[in-house]
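Worksheet: one structure, shown below.
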Amino acid sequence: MAHKKGQGSTKNGRDSNAQYRGVQVYGGQFARAGTIIVRQVGTPYKAGYMVKRAKDDTLFAMCDGTVQFRNRTVDIVPADERIPRYTAVETAAAN
0 MAHKKGQGST
10 KNGRDSNAQY
20 RGVQVYGGQF
30 ARAGTIIVRQ
40 VGTPYKAGYM
50 VKRAKDDTLF
60 AMCDGTVQFR
70 NRTVDIVPAD
80 ERIPRYTAVE
90 TAAAN
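Residue numbers for the sequence shown follow numbering that gives the first Met the number 0, so the first one is 0 and each next one is one higher.
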């Protein structure tokens, strides 16, 4: 008969780091070039005008401008006058 209690395993002690997913910059807010707009798994949000998708599906701004969400697509309305502005009217006319 054992006189010492055995070293049992514990069911606690495991915790993962936070992922901080979701929308980081909301519609109407200003974003600098390279700013992360959405952290996501998969692509619930699609990259639109002046927005790129990273290898881990993160969406980030390509230029300085205002964030715009429309139909699960994220766009940047450029603040710089040298970049042509994108409007929904232009795409409707093109289609």
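Backbone N, C-alpha and C fix where the C-beta goes; we use that ideal spot for every residue, glycine too.
*Helix, strand or coil for residue 82, going by three-state DSSP, please let me know.*
For this step, residue 82 is matched to residue 83 along the sequence shown. In the structure shown, residue 82 sits in coil (DSSP, three-state: anything other than H, G, I, E or B).
*Helix, strand or coil: how does DSSP classify residue 77 here?*
For this step, residue 77 is matched to residue 78 along the sequence shown. Three-state result, residue 77: strand.
*Is residue 51 helix, strand or coil by DSSP?*
As a position in the sequence shown, residue 51 is number 52, starting the count at 1. Here residue 51 sits in strand by DSSP.
*Can you name the residues that DSSP bridges to residue 40?*
On the sequence shown, residue 40 is found 41 positions in, with the first residue counted as 1. In the DSSP output, where bridge partners are listed per residue, residue 40 has none listed.
*Could you spell out the range, first to last residue, of the beta strand (DSSP E) harbouring residue 65?*
In the sequence shown, the residue the question calls residue 65 occupies position 66. Residue 65 -> beta strand (DSSP E) spans 64-69.
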